[in-house]
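Engineer: Numbering (my numbering), first residue to last: 97 to 304.
Before I ask anything, let me first share the structure, which is written out below as structure tokens.
Below you can see the structure in the form of structure tokens.
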């Protein structure tokens with residue numbers, strides 16, 4: 097078994113509304129299980145503890161295990177900032193790697209590189225094709241107060257956080273070293289994306 101990453105937990109956000117998908121994305125079948133289970137299992141090979149953040153208490157309770165916590169979102173509004181906050185608040189570790197439940201192509205090499213780069217920073221976020229990727233990033237508990245301030249100001253974009261903390265941008269060149277195609281950032285936003293990925297078609301066919 098590959099060495100686990102010490103001092104960091106993994107979190108999968110599964111509380112989104114899935115509006116473009118048309119149904120609950122987290123429970124969509126994937127590789128013999130579901131999307132959320134597949135992503136959580138991938139993190140299980142990297143971290144001692146994983147969390148799945150859900151919108152409604154009791155959701156996905158059947159997936160709870162000693163090394164996999166089901167964490168209710170601390171906020172009633174549905175936004176990724178609240179999901180990240182909830183994961184950080186529940187984590188026994190000082191840092192958390194956060195991803196979305198519809199990102200089944202995450203590369204372990206990228207996750208390890210982000211965790212290594214996070215030492216000494218409040219957050220490490222990769223950039224790909226000119227865009228920050230806040231749902232494939234590492235956050236520390238020191239982000240909790242500025243996150244709460246953003247919520248109180250009704251500024252709910254995760255990208256609003258980075259100018260307020262010691263954030264390190266993980267460059268495209270660094271991403272290329274571990275995930276040259278940027279597959280980790282492919283998310284299954286729509287039913288078309290999902291069908292394309294299930295058919296094993298090139299990931300370039302997915303909407304970006």
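Using N, Cα and C, we set each Cβ at its ideal position, and we do this for glycine too.
Using three-state DSSP, classify residue 222 as helix, strand or coil.
Structural biologist: Of the three classes helix, strand and coil, the one that applies to residue 222 here is strand, per DSSP.
Engineer: Go ahead and pull the three-state DSSP assignment for residue 160.
Structural biologist: Coil, per DSSP.
Engineer: Grouping DSSP H, G and I as helix and E and B as strand, with all else coil, what is residue 147?
Structural biologist: Strand, per DSSP.
Engineer: How should residue 133 be labelled, buried or exposed, when 16 other C-beta atoms within 10 angstroms of its C-beta is the threshold for buried?
Structural biologist: The residue in question, residue 133, is buried, as its Cβ has 16 or more Cβ neighbours within 10 Å.
Engineer: What residue range does the beta strand (DSSP E) around residue 233 cover?
Structural biologist: Here the beta strand (DSSP E) through residue 233 covers 232 to 236.
Engineer: Let me know the secondary structure DSSP gives residue 266 once reduced to three states.
Structural biologist: If DSSP states are grouped into helix, strand and coil, residue 266 belongs with the strands.
Engineer: Among residues of its own chain, excluding the 5 on either side of residue 189, which ones have a beta-carbon nearer than 8 Å to its beta-carbon?
Structural biologist: So the qualifying residues of the chain are 103, 104, 105, 145.
Engineer: Using the beta-carbon count (16 or more within 10 Å), is residue 236 buried or exposed?
Structural biologist: Looking at its Cβ environment, which holds 16 or more other Cβ atoms inside 10 Å, residue 236 is buried.
Engineer: When the Cα atoms are used, what is the spatial distance from residue 301 to residue 280?
Structural biologist: Only weak support is given to the placement of residue 301: the predicted model assigns it a pLDDT of 43, under 50, and the value that follows is read from those uncertain coordinates. Residue 301 and residue 280: Cα-Cα distance of roughly 15 Å.
Engineer: For residue 130, name the three-state secondary structure that DSSP assigns.
Structural biologist: Of the three classes helix, strand and coil, the one that applies to residue 130 here is strand, per DSSP.
Engineer: Compare the C-alpha of residue 255 against each of 167, 219, 214 and name the closest.
Structural biologist: Among 167, 219, 214, the Cα nearest to that of residue 255 is on 219.
Engineer: For residue 175, which residues of its own chain have a beta-carbon under 6 Å away from its beta-carbon, when the five flanking residues on both sides are left out?
Structural biologist: 252.
Engineer: Taking Cβ positions, are residue 221 and residue 258 nearer each other than 8 Å?
Structural biologist: Yes, they are a contact pair.
Engineer: I'd like to know whether the C-beta atoms of residue 266 and residue 213 end up nearer to each other than 8 Å.
Structural biologist: Cβ atoms of residue 266 and residue 213: closer than 8 Å.
Engineer: Does the beta carbon of residue 189 come closer than 8 Å to any beta carbon on chain D?
Structural biologist: Absent here is chain D; the protein component of the structure consists of one chain.
Engineer: Determine the contact status of residue 205 and residue 275, defining contact as a CB-CB distance below 8 Å.
Structural biologist: The answer is yes: Cβ separation under 8 Å.
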